[in-house]
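A.B. asks: Pasting in a structure now, in structure tokens, and then I'll have a few things to ask.
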Amino acid sequence: MKTKFIPGKTYIPASGKIFNQEEINNAIKAAKDGWWTEGEFAKQFESDFKKYLGVKYVSLVNSGSSANLLALYSLTSEV
400 MKTKFIPGKT YIPASGKIFN QEEINNAIKA AKDGWWTEGE FAKQFESDFK KYLGVKYVSL
460 VNSGSSANLL ALYSLTSEV
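So for the sequence shown, this note's numbering puts the first residue at 400; every next one is plus one.
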């Protein structure tokens, strides 16, 4: 994504063509590598997201349901 996101200003389409050529190329690269989920791009996103949030840990999950379960577990775990 080349343009900066500005909350309340940047238009986000609900549908249609939203991927640029770089994103398409990266999807093809991930598919060729066989790493759809835990590959180079996911690790880079986790690293960037940690820095953005200013936190020590980030964990990507496969769905919103898994995210909810992980959040509840982290809030109720005695560990």
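From the three backbone atoms N, C-alpha and C, an ideal C-beta is built for every residue, glycine too.
Flag this pair as yes or no: are the beta carbons of residue 449 and residue 456 separated by less than 9 Å?
C.D. replies: Yes, these two residues count as a Cβ contact at 9 Å.
A.B. asks: Could you please give the first and the last residue of the uninterrupted alpha helix (DSSP H) stretch that includes residue 405?
C.D. replies: Element bounds for residue 405: n/a, residue is neither H nor E.
A.B. asks: Could I get the ranges of all uninterrupted alpha helix (DSSP H) runs contained in the region 417 to 476, with 4 residues as the minimum, in chain order?
C.D. replies: DSSP runs (the alpha helix (DSSP H)) wholly in the region 417 to 476: 420 to 432, 439 to 452 and 463 to 475.
A.B. asks: One question on the structure: do residue 458 and residue 437 come within less than 9 Å of each other, judged by their Cβ atoms?
C.D. replies: No, the Cβ-Cβ distance between residue 458 and residue 437 is not below 9 Å.
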